[in-house]
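What follows is one structure encoded as structure tokens, with my remarks underneath.
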Amino acid sequence: MSGTLSWTTETIAGWGQYRPATVKICRPRSGHQVEEALRNPFKPILARGMGRSYGDAAQCSGGGILEMTALNRFRAFDADSGILDCEAGTTLSEILDWFVPRGWTLPVVPGTRMITVGGAIANDVHGKNHHVDGSFCAHVIDFDLLTPDRGVVRCSPEQEASLFQATAGGVGLTGIIFNARLRLEPIESAWLEVEYEPCPDLAHALAVLDATDAGFRYSVGWVDALSGDGRGRTVLTRGNWLPASALPPERCAAPLRVPRRPELSIPYRMPEWVLNPTSIRFFNAFNWKRFCSRKRAVIDMDRYFFPLDSVANWNRMYGRRGFVQYQATVPLESAQCLTELLRRSYQNGFFSFLGVLKRFGAGGIGMLSHPMPGYTLTLDFPVRDGLERFLRECDRLLLDWGGRLYLAKDILALPETIAAMYPRLNEFLKVRAHVDSARVLGSDLSRRLGWDDRNG
136 MSGTLSWTTE TIAGWGQYRP ATVKICRPRS GHQVEEALRN PFKPILARGM
186 GRSYGDAAQC SGGGILEMTA LNRFRAFDAD SGILDCEAGT TLSEILDWFV
236 PRGWTLPVVP GTRMITVGGA IANDVHGKNH HVDGSFCAHV IDFDLLTPDR
286 GVVRCSPEQE ASLFQATAGG VGLTGIIFNA RLRLEPIESA WLEVEYEPCP
336 DLAHALAVLD ATDAGFRYSV GWVDALSGDG RGRTVLTRGN WLPASALPPE
386 RCAAPLRVPR RPELSIPYRM PEWVLNPTSI RFFNAFNWKR FCSRKRAVID
436 MDRYFFPLDS VANWNRMYGR RGFVQYQATV PLESAQCLTE LLRRSYQNGF
486 FSFLGVLKRF GAGGIGMLSH PMPGYTLTLD FPVRDGLERF LRECDRLLLD
536 WGGRLYLAKD ILALPETIAA MYPRLNEFLK VRAHVDSARV LGSDLSRRLG
586 WDDRNG
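The opening residue of the sequence shown carries number 136 in my numbering; numbering runs sequentially from there.
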């Protein structure tokens, strides 16, 4: 489809709804329109999918945004190899809705279905099985990338390897992904057998992960950040896919059917007083009791992988000022840093409504891929006075322990902080300069971190 692009002025924000940006935005419906968009007068330009990056990685103040979700066609699927060829605006939800009933799934999914394939590559997203299967780009065969200087380039781990590695986790700054080939995997059912293990504090949960994680393909911990003066009681929730033959009798007739639940939604931004220490403690006590009441369960994939997707616009719970999601990752030998981070947040009165713990395996292929062998703790902080100062202190702690932040979540870190956390940053910047010498592409993140003025 071709035709003249229509640009409108809109205000957008990351999922945290903090520090919004006013941009010119268009919604291309063909590759030709994407190419036309690169020639527009609004600079810099950035591709955007569903807007689920929490910080400023997918916004571009004063520039142009290409909202890519209309480019969402399946181009081909090979049932012998499980290889899906699709456009980059295809969402993971669209892939799962079509392929799970036919016995296929994505080998890696993050905590939401609501992201595009292009966004998953640009942020090299990870899931509950990183310690086994790595991150999303480990399962990408190749993709076509529109670059300002070189046109469309086919990239794979073997062909244009440096550009592939710069784009995997490169937060959209090397080009605009047109389409990608992904490797799906077969499943017999859409259900998992899940085990629950309560741990009195975060330190105990980390020790349990060390000792037992190898027996589970999927593993995640829910962390109560307000319990025990910030020691963080934790419930580990670990599971494996169930074969159809092992399903309960009531599920055997349709093993690949995922139950549909009533759709809930937060209709407007809640008053800021709704999320306070008392309400958070009440919710966490309810969750703790619910998790501790069972040791094992058979649950469907949506309930396990995407629990927050059951409530649309859940980010509105944080009120007018929004929230910051802080994802801290440390090497295996630095696990104590996460317990200290939790303790400091409690002592300083910055209470996280949601805490998530995972174990990471080997680092990703991307120059800016986030995971490293170790542990990651994610905390959600409602925005209030003093938060930025406190998170600066957390950044220094993280640096002292050899840790790093996730670019898809970050919105506050200083340039020198990120530079110290990502040893391949200069290599990334050189590749970026080679494919975009005039800085046609950019974002609020690249501007904040000083990358637009550097060539590596």
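Glycine included, C-beta positions come from ideal geometry on N, C-alpha and C.
Small disclaimer: the values here were computed from a predicted structure and weren't measured.
If we call anything under 8 Å between Cβ atoms a contact, is residue i one with residue j?
i    : j    : result
L566 : T282 : Rather than Leu, the amino acid found at residue 566 in this sequence is Val. In this structure, T282 does not lie closer than 8 Å to V566 by Cβ.
L219 : V575 : no
L503 : G305 : yes
L317 : V275 : yes
G151 : N175 : no
N448 : I415 : no
Y331 : T372 : yes
Q300 : S578 : no
V409 : M436 : no
R456 : E523 : no
L377 : G238 : no
V355 : K159 : no
G109 : A325 : Past the edges of the chain, shown from 136 to 591, lies residue 109, and the structure says nothing about it.
G509 : L467 : yes
M405 : G363 : no
T474 : L337 : yes
L382 : Y353 : no
D112 : S487 : Only positions 136 to 591 of the chain appear in the structure, and residue 112 is not among them; the question remains open.
Is residue i helix, strand or coil by DSSP?
i    : result
T139 : coil
S581 : helix
W408 : helix
A193 : coil
E398 : coil
N450 : helix
I256 : helix
A301 : helix
K430 : coil
E328 : strand
Q168 : helix
A205 : coil
G350 : helix
L319 : coil
A573 : coil
F486 : coil
V287 : strand
N590 : coil
D279 : strand
G199 : strand
Following the continuous alpha helix (DSSP H) through residue i, name the residue where it begins and the one where it ends.
i    : result
K424 : P412 to C427
W233 : L227 to F234
P550 : P550 to M556
R237 : Counting along the chain, R237 falls outside any alpha helix (DSSP H), and DSSP gives it neither H nor E.
R438 : M436 to F440
V267 : H265 to D268
Applying the criterion that 16 or more other CB atoms from any shown protein chain within 10 Å of the CB defines a buried residue, is residue i buried or exposed?
i    : result
H167 : exposed
P236 : exposed
C161 : buried
R208 : exposed
A420 : exposed
G490 : buried
S445 : exposed
S216 : exposed
Q460 : buried
K544 : buried
A315 : buried
G430 : Checking the displayed sequence, the identity of residue 430 turns out to be Lys instead of Gly. Burial call: exposed.
M136 : For M136, the predicted model reports a pLDDT of 43, less than 50, meaning its position is unreliable and no value from the coordinates is stated.
S572 : exposed
K263 : buried
G307 : buried
Y153 : buried
N450 : buried
Thinking residue i and residue j are a contact (beta carbons under 8 Å), I'd like their distance in whole angstroms, please.
i    : j    : result
V260 : I250 : 7 Å
A470 : L533 : Contact flag wrong, Cβ pair sits at about 13 Å.
G149 : G190 : 5 Å
A223 : P163 : The Cβ separation is near 11 Å, so there is no contact.
T247 : L443 : 7 Å
P550 : L584 : 5 Å
In the DSSP assignment, find the beta strand (DSSP E) that holds residue i and state where it starts and stops.
i    : result
S354 : Y353 to D359
Y481 : First-last for Y481: Q471 to Q482, but that is the alpha helix (DSSP H), not the beta strand (DSSP E).
R373 : R368 to W376
R524 : Here R524 belongs to no beta strand (DSSP E); instead the alpha helix (DSSP H) covers L522 to D535.
T309 : From DSSP, T309 is part of no beta strand (DSSP E); its letter is neither H nor E.
F458 : F458 to P466
T157 : A156 to C161
I218 : I218 to E222
P179 : Careful: P179 lies outside any beta strand (DSSP E) and carries neither H nor E.
Please find out if some non-hydrogen atom of the ligand ZN comes closer than 7 Å to the beta-carbon of residue i.
i    : result
E202 : In terms of ligand content, the structure shown is empty, and the ligand ZN therefore cannot be addressed.
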